[in-house]
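Trainee: Numbering (UniProt numbering), first residue to last: 1 to 612.
1. Would you kindly work out how many angstroms separate the C-alpha atoms of residue 99 and residue 171, rounded to a whole number?
2. Could you check whether residue 467 and residue 538 sit closer than 8 angstroms to each other, using their CB atoms as the reference points?
3. Return the chain-ordered list of same chain residues with a C-beta closer than 8 angstroms to the C-beta of residue 208, the five sequence neighbours on each side being excluded.
4. Put residue 421 into one of helix, strand or coil per three-state DSSP.
5. Taking Cβ positions, are residue 621 and residue 368 nearer each other than 8 angstroms?
6. What residue range does the beta strand (DSSP E) around residue 146 cover?
7. Measure from the C-beta of residue 506 to each C-beta in chain D and report whether the shortest distance is under 8 angstroms.
8. Are the beta-carbon atoms belonging to residue 393 and residue 445 less than 8 angstroms from one another?
9. Go ahead and pull the three-state DSSP assignment for residue 165.
10. Are the CB atoms of residue 92 and residue 165 within a distance shorter than 8 angstroms?
11. Within 10 angstroms of the Cβ of residue 605, are there 16 or more other Cβ atoms? Answer buried if so, exposed if not.
12. For residue 267, which residues of its own chain have a beta-carbon under 7 angstroms away from its beta-carbon, when the five flanking residues on both sides are left out?
13. Use the C-beta contact count for residue 509: other C-beta atoms within 10 angstroms, 16 or more gives buried, fewer gives exposed.
14. Leaving out five residues on either side along the sequence, give the residues of the same chain with a beta carbon under 6 angstroms from the beta carbon of residue 562.
15. Do residue 309 and residue 278 come within 8 angstroms of each other at the CB atom, strictly closer than that value?
16. Please name the residue, chosen from 256, 255, 273, that lies closest to residue 262 on a Cα-to-Cα basis.
17. Note down, in chain order, each residue of its chain lying with its Cβ closer than 6 angstroms to the Cβ of residue 3, except the 5 sequence neighbours on either side.
18. Roughly how many angstroms separate the alpha carbons of residue 148 and residue 82, rounded to a whole number?
19. So, for residue 187: in the same chain, excluding its five sequence neighbours on each side, which residues have a beta-carbon less than 6 angstroms away from its beta-carbon?
20. Give the range of the alpha helix (DSSP H) segment to which residue 289 is assigned.
21. Find out if the Cβ-Cβ distance for the pair residue 613, residue 395 is shorter than 8 angstroms.
22. May I ask you to report which of helix, strand or coil DSSP gives residue 513?
23. Tell me which same chain residues have a C-beta within less than 8 angstroms of the C-beta of residue 152, skipping the five on either side of it?
24. My output table needs one value for residue 97: the three-state DSSP class, helix, strand or coil.
25. Taking the beta strand (DSSP E) that residue 183 falls in, what are its first and last residues?
26. Applying the criterion that 16 or more other CB atoms from any shown protein chain within 10 Å of the CB defines a buried residue, is residue 601 buried or exposed?
27. With a threshold of 7 angstroms on Cβ separation, who are the neighbours of residue 627 within its own chain once the five nearest residues in sequence on each side are excluded?
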């Protein structure tokens, strides 16, 4: 064998079973390659240049396609994955972005772009930022080419591969922009070759530059669009509400009303016992009673202005109004006192403060419609928040932040920067917890945690906070029967208005929104059984003092069950009229007594048969 080389290209000539001596073979080969070698080098160089030109043209086409998709980050990421696969002839591709707030990698995969087949909608996977080959790329900022992925020390199949996929080779590269690494690209299995080569590495790094620029532009574009929408919403809010005057603040602080209603600390308190004009004064008193004003150095003027501003932030809708906000914050106040949430270590004082604040602001600027209505109606709110989920809740949070940032309402201004940031995160988590979709999604986790709750465990505390926020939001179901009926009437009035609006827009409302289909007792029983009862049963395993709540809900279920035959006797469209009828309670009591009489007779007959 005779090597013939010239940097950066070399070949080896192999002469098999020569019939002449070795020195002559070497001489012949060298003389031959005096002519062949230049042609061979030029041919290889030409092939390389042609390949490079083709790849550059491909990159330009990719850049053009990517820049046309900056209006939508989701579409851009899907396009980027598809183009990266084509450039490198990879079998599968994934683009993961860095979530700096949570220190996680986020992978968004869409129809056909991951190589895993079609899915009906965009899905999301999250991973710790420090594991797997992707984690190593994030840490070092350098490309990794694994010819045998499974043998790499950092390989983690949960991050670096897909379920049920045989991962042979991996090419993982960082996606950067001016501020640093914003994500990673992951290419899996080279088609037609056992591994990715040097040309693939060059293409991946070049592609990552275009990809990083496009992602950055897309994020900036979306922020600009959101700013325009927020500006429109803010203008709408300013037009709808008036500012709080100094005179209003003074009147509240100088109010001479009697603000010592003893039952306000009860978990089953009814606001009918209070003059409506003095509700802001009672909210002020709650913060003061808990000592939050002194602990967090909240000035009386600011707290009063904040409360009045929040009050004006609620619309005049049948249920999600200022009265509901007062009820929720009052139950939160009573829970902190009766369950000793702070003194027994369930909450820190900051968590207790934000629990109260969240109860007050959690439904600000509610329009009396559901999240699904906003999304299906393609409203301005849906355009702003639908990609994040919990459309109305995120709007309530935005309005709460607007008030907190208003001059004279910034009740958190005395907090150190770190505590302020933590307070805002707590406020966000509390408000988002009121989305029942989130509640049902997390209910099984809540139940599991309730059997082994550990104070001080961050995830357990977060679960408890979500449950307590849900409990406060649903606390109307813990009042006396008369209040429960009025609450049901208010909620149904709001539902039916939405149903009528949907019909006017050519839609078909679900049965609970349609006064022509909604059988009220069944709806209420289903709501109590599937939503309220599991919540308070779970909660009382963590806080045993919450046990009476379960019994109250059971009693309400019994009353709604006794109301079924009464509602069944009238047209279904007359349900609200029956609910508000003064004779309803008498008929329900009669049905309960009759049911009890029949039960006693059945028990007596059973005992008699056993004796015989």
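Cβ atoms here follow ideal geometry from the backbone N, Cα and C, with glycine treated the same way.
Quick caveat, the model's predicted, so the values are computed rather than measured.
Mentor: According to the data block:
1. Taking the first residue of the chain shown as position 1, residue 99 is located at position 99. Taking the first residue of the chain shown as position 1, residue 171 is located at position 171. Going from the Cα of residue 99 to the Cα of residue 171 covers about 22 angstroms.
2. In the chain shown, residue 538 corresponds to position 538, counting from 1. In the chain shown, residue 467 corresponds to position 467, counting from 1. A distance below 8 angstroms separates the beta carbons of residue 538 and residue 467.
3. Your numbering for residue 208 matches position 208 in the chain shown. Counting only Cβ-Cβ distances below 8 angstroms, and skipping sequence neighbours, we find 173, 174, 175, 176, 185.
4. Position 421 of the chain shown holds residue 421. In this structure, residue 421 counts as helix in the three-state DSSP scheme.
5. Residue coverage of the chain in this structure runs from 1 to 612, which leaves residue 621 outside it and unanswerable.
6. Counted from its first residue, the chain shown places residue 146 at position 146. Looking at the DSSP string, the run of the beta strand (DSSP E) that includes residue 146 is 144 to 146.
7. The structure shown contains no chain D, having only a single protein chain.
8. Taking the first residue of the chain shown as position 1, residue 393 is located at position 393. Taking the first residue of the chain shown as position 1, residue 445 is located at position 445. In this structure, residue 445 does not lie closer than 8 angstroms to residue 393 by Cβ.
9. Walking along the chain shown from the start, residue 165 turns up at place 165. DSSP places residue 165 in coil when its eight states are reduced to three.
10. Indexing the chain shown from 1 puts residue 165 at position 165. Indexing the chain shown from 1 puts residue 92 at position 92. Yes, these two residues count as a Cβ contact at 8 angstroms.
11. Position 605 of the chain shown holds residue 605. Under this definition residue 605 is an exposed residue.
12. Looking up residue 267 in the chain shown gives position 267. Closer than 7 angstroms at Cβ, skipping near neighbours: 331, 334, 335, 338, 478.
13. Mapped onto the chain shown, residue 509 falls at position 509. Residue 509 comes out buried.
14. By 1-based counting over the chain shown, the position of residue 562 is 562. Excluding sequence neighbours, residue 562 sits near 588, 591, 592.
15. One-based indexing of the chain shown puts residue 278 at position 278. One-based indexing of the chain shown puts residue 309 at position 309. The answer is no: Cβ separation not under 8 angstroms.
16. For the purposes of this step, residue 262 is taken as the residue at position 262 of the chain shown. Residue 273 is the option with its Cα nearest to residue 262.
17. As a first step, residue 3 is located in the chain shown; it is residue number 3 there, counting from the start. Note that residue 3 scores 49 on pLDDT, short of 50, meaning its location in the model is unreliable; the coordinates nonetheless yield the value given after this. Hits under 6 angstroms: 12.
18. Numbered from its first residue, the chain shown carries residue 148 at position 148. Numbered from its first residue, the chain shown carries residue 82 at position 82. Spanning the two alpha carbons is a distance of roughly 23 angstroms.
19. To locate residue 187, count along the chain shown from 1; it is residue 187. Once the five neighbours on either side are set aside, the close Cβ partners of residue 187 are 88, 90, 93, 171.
20. Numbered from 1 along the chain shown, position 289 holds the residue referred to as residue 289. 279 to 289 is the extent of the alpha helix (DSSP H) around residue 289.
21. Beyond the ends of the chain as shown, which are 1 and 612, falls residue 613; an answer cannot be given.
22. By one-based count along the chain shown, residue 513 stands at place 513. It is helical.
23. Working through the chain shown from its first residue, we reach residue 152 at position 152. The residues are 133, 144, 146, 170.
24. Within the chain shown, residue 97 is the residue found at index 97, counting from 1. The answer is strand: DSSP assigns residue 97 an E or B state.
25. Walking along the chain shown from the start, residue 183 turns up at place 183. Element bounds for residue 183: 180 to 190.
26. On the chain shown, residue 601 is found 601 positions in, with the first residue counted as 1. Answer is exposed; the Cβ neighbour count stays below 16.
27. Because the chain here runs from 1 to 612, residue 627 falls outside it and cannot be looked at.
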